[in-house]
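Shown next, in structure tokens, is the structure this report addresses.
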Ligand SMILES: [Zn+2]
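Residue numbers (the numbering used here): 86 to 561.
The structure is reproduced here in structure tokens:
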């Protein structure tokens with residue numbers, strides 16, 4: 086119903102034309118009144134449209150309202166009279182990047198503000214405090230080129246904080262990527278995730294599913310860790326009940342599935358999950374199952390590397406970085422510094438943090454070699470792979486693209502992972518992820534050629550979301 090309503094509104098928006106005033110048009114669902122809005126034309130050195138194997142050299146993109154009106158080669162596309170012309174003739178224009186694993190309420194490794202509650206972890210901080218990070222990190226993400234972020238659980242049923250940031254961005258109160266709301270998450274007692282969302286038994290779980298559905302979640306998140314070579318933390322009865330109830334409400338289901346054996350992935354896939362987060366280990370058997378059941382995978386490569394942000398990372402974002410270029414470059418440098426100091430990370434699988442803990446005995450971090458090799462094998466077998474940052478370097482999804490390329494992906498395939506493939510995987514393939522007439526005008530440009538130049542994502546220039554230009558906003 087909501088989708089029908091939205092499409093009806095979009096159609097109306099297309100007919101009426103949508104005002105392009107800063108922020109007001111950020112809400113794609115609300116058409117503004119008035120005559121046909123003026124066009125913006127981007128002249129591009131090349132366009133990577135997110136779908137085709139080859140870029141369009143000397144391309145032109147016509148944007149009207151929040152949609153793309155025309156795309157093609159210069160000279161073949163009519164330039165509307167009175168259009169604002171943007172010169173990106175020395176740049177590459179691509180679809181806005183998509184982060185499929187967002188937790189804007191979390192800053193990995195950061196302390197909280199303390200105060201009367203004496204809480205020293207941002208994860209346990211009051212909602213109002215978490216919202217401050219969210220506003221900051223949503224802005225940083227958008228200015229770094231992420232125009233859509235699928236959230237994968239945050240807050241609690243009494244504090245569905247991801248819902249609030251979605252609405253704040255949608256209504257133009259704060260700038261940020263388009264947020265796909267993924268609910269508050271279900272994890273069994275003792276599972277990954279805060280105690281506030283521990284949920285056991287099919288009926289208690291069903292109640293939680295309904296609550297997320299009523300809050301407007303488009304995705305539901307389940308968190309699983311392998312329990313043994315054959316078992317995961319939820320029983321099949323619980324899993325089937327949760328997933329089928331989510332599907333009945335029109336939600337899709339994504340499952341955090343990690344462990345030494347892959348039993349969580351196996352149970353999740355067979356119980357009907359639509360997507361798997363992290364996905365380790367991606368064994369040949371699991372890859373076959375993913376293909377057979379058409380389940381997509383959201384990889385979070387920068388987490389596997391083992392590097393963890395701390396207070397200094399966030400201080401850099403908040404007080405030192407001069408803009409997205411500086412911030413993305415910082416992420417790149419940390420990646421290589423970390424590998425230089427911890428060369429085993431490239432080749433040796435490690436136990437999950439404290440190897441003696443309940444999780445440490447059952448979970449692990451794959452080496453780059455393992456992870457990159459498995460990702461490439463999965464891709465070649467036909468698994469749809471998208472990319473997520475999972476609280477590391479908000480916005481620097483380009484660095485995750487480079488991780489895939491480092492692992493043997495063709496640059497174009499890695500770019501598609503963060504654009505069209507992600508869009509399809511999150512259920513938005515009809516609206517975003519490609520530069521085509523009728524799609525939302527989510528575009529970025531790089532002063533570089535990402536097909537031939539490695540780690541060039543800091544050379545970001547233009548950022549458009551829903552036809553509104555954001556790169557002209559200040560970083561702070
Ligand atoms: Zn996560």
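Backbone N, C-alpha and C fix where the C-beta goes; we use that ideal spot for every residue, glycine too.
Taken in chain order, the whole alpha helix (DSSP H) runs of length 4 or more contained in the stretch 387-467 are 396-400, 409-426, 429-432 and 453-466. The stretch 482-491 makes no contact with the stretch 209-218: fewer than 3 CB pairs, one atom from each, lie closer than 8 Å. Per DSSP, the unbroken alpha helix (DSSP H) holding residue 287 starts and ends at 287-299.
Residues whose Cβ lies closer than 6 Å to any heavy atom of ligand 1, listed in chain order: 186, 188, 237 and 475. For residue 338 against residue 354, the beta-carbon gap comes to about 11 Å, at or over 8 Å, which does not count as contact. In the three-state reduction of the DSSP assignment, residue 316 falls in the coil class. Three or more pairs of CB atoms, one per stretch, sit closer than 8 Å, so the stretch 497-507 contacts the stretch 460-475.
Per DSSP, the beta bridge partners of residue 132 are 141 and 178. Excluding the 5 residues flanking it on each side, residue 406 has same chain C-beta neighbours closer than 6 Å at 412, in chain order. Assignment of beta-bridge partners to residue 365 by DSSP yields 343. With a cutoff of 9 Å on beta-carbon distance, residue 181 and residue 239 are scored as not near each other. The alpha-carbon of residue 526 is positioned some 41 Å away from that of residue 348. Taking residue 295 as the centre and dropping the five residues before and after it, the same chain places the C-beta of 330 and 334 closer than 8 Å to its C-beta, in chain order. Residue 280 carries a helical assignment under DSSP once its states are collapsed to helix, strand and coil. The stretch 451-462 and the stretch 484-502 touch, with no fewer than 3 CB-CB distances between them shorter than 8 Å. Residue 128 and residue 145 have their C-alpha atoms roughly 5 Å apart. Shown here, residue 514 sits in coil according to DSSP, grouped into three states, outside any helix or strand. If you draw a straight line from the Cα of residue 539 to the Cα of residue 266, it comes to about 32 Å. Where residue 546 is concerned, the enclosing beta strand (DSSP E) starts and stops at 545-550. When DSSP states are grouped into helix, strand and coil, residue 154 belongs to the strand group.
In the DSSP assignment, residue 187 is bridged to 236. Taking the CA atoms as reference points, residue 497 sits about 14 Å from residue 520.
Taking C-beta atoms under 8 Å as the contact rule, residue 342 and residue 361 qualify, at a distance of about 5 Å.
Take residue 126, set aside five residues on each side of it, and the residues of its chain with a beta-carbon closer than 8 Å to its own are 145, 146, 147, 148, 164, 165, 168, 169, 170 and 171, in chain order.
Sequence-distant Cβ neighbours of residue 192 in its own chain, meaning closer than 6 Å and more than five residues away, are 207, 218 and 399. Contact annotation: residue 450 and residue 436 have beta-carbon atoms nearer than 9 Å.
Here residue 245 is buried: its Cβ has 16 or more other Cβ atoms, across all protein chains shown, within 10 Å.
DSSP places residue 382 in the uninterrupted beta strand (DSSP E) bounded by 381-384.
A direct Cα-Cα distance of roughly 27 Å separates residue 460 from residue 263.
Residue 154 counts as buried, since no fewer than 16 other beta carbons sit within 10 angstroms of its beta carbon.
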